[in-house]
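Participant: Position in the sequence shown counted from 1, then plus 273, gives you the numbering used here.
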Amino acid sequence: MMAAALAASGTLAMAGACDACSGSVIPLEPARAEHPPSGYEGEIARQRAHKDEFFRADPQSPLLEPVKGSFKGLDYFPVDPDYRFTGRLAVYSDPRKTTIAGSRGEQRVALRWAAFSFVNQGRTHTLQIYKLYDRDAPEGRLFLPFADETTGRQTYPAGRYVDPEIDAGGRAIVDFNLAYYPYCAYGKDYDCPLTPAENRLGVPILAGEKGWIAGPAP
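1) Cβ of Y429 within 8 Å of Cβ of Y454?
2) For I446, which option in I402, R381 and L336 has the closest C-alpha, if you only look at C-alpha atoms?
3) Thinking just about the alpha-carbon of each residue, which of R408, L400 and L384 is nearest to the one in A420?
4) Could you tell me the boundaries of the alpha helix (DSSP H) in which A330 lies?
5) Under 7 Å Cβ to Cβ from A480, same chain only, skipping five residues before and after it: list those, please.
6) Could you check the C-alpha separation between L384 and P469 for me, to the nearest Å?
7) Enumerate in chain order the residues of its own chain whose CB-to-CB distance from I439 is below 6 Å, with the five nearest sequence positions on each side excluded.
8) To the nearest angstrom, report how far apart F327 and L337 are at their CA atoms.
9) Measuring CB atoms only, is the segment 404-419 touching the segment 375-384, in the sense that at least three cross pairs come out at less than 8 Å?
10) What are the residues that DSSP puts in a beta bridge with K483?
11) Distance, Cα to Cα, P437 vs A304?
12) Which residues in the same chain have their Cβ closer than 7 Å to the Cβ of G443, if we skip the five residues on either side of it in sequence?
13) Determine whether the beta carbon atoms of P339 and Y459 lie at a separation below 8 Å.
14) Using only the heavy atoms of the ligand SAH, determine whether one of them is closer than 7 Å to the beta carbon of L384.
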């Protein structure tokens, strides 16, 4: 989980919906917030402290050198278990290849792989989960970018990422308390895939990372 949060790719702007839509999908009951395991908040606090130390001291930190000296830690919304959703994925029966535009104009090969629906504020929302292929993940990695009503106000203007956890039975955990920024939020030297417009939510997600430091706005 932490390794994914420290991945060097990210979102820089909203892109159009995919050109090659996937095949049919079996509708499933949308995911709902589920009581987290014991020690949940303490584990998130430890992960955040570890990430702060990585940003502050590691040679692979995305922070610019002038920022490191004054870095006091990333900013987050308070942990809220109501933003941790567990449910079954609706995997497309015939996922087709598409491309996701990058911040420098390149096109990245991806599959529109599954849909994840969840209930928040009395409404059902759906996000697309992609399988993204690049030199760091030639076998493909799951990619779930999103934007919401905090985007450009309380959170980075380009949106955030959250890494879904999927068990052997196909159940997925999407925990927005673990939502994080792409490295493009911290410096201009990173090449980032764009967020498809279909993954913009019409509600605020008041969980995960907020604020931004020195990266360029799209």
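Ideal placement from N, C-alpha and C gives every residue a C-beta, glycine not left out.
Facilitator: A quick look at the data gives this:
1) yes
2) I402
3) L400
4) Y313 to A330
5) F350, D353, Y356, F449, N450 and A452
6) 12 Å
7) A445
8) 13 Å
9) yes
10) D348
11) 13 Å
12) R361 and L362
13) no
14) Among the ligands in the structure shown, none appear at all, so the ligand SAH cannot be discussed.
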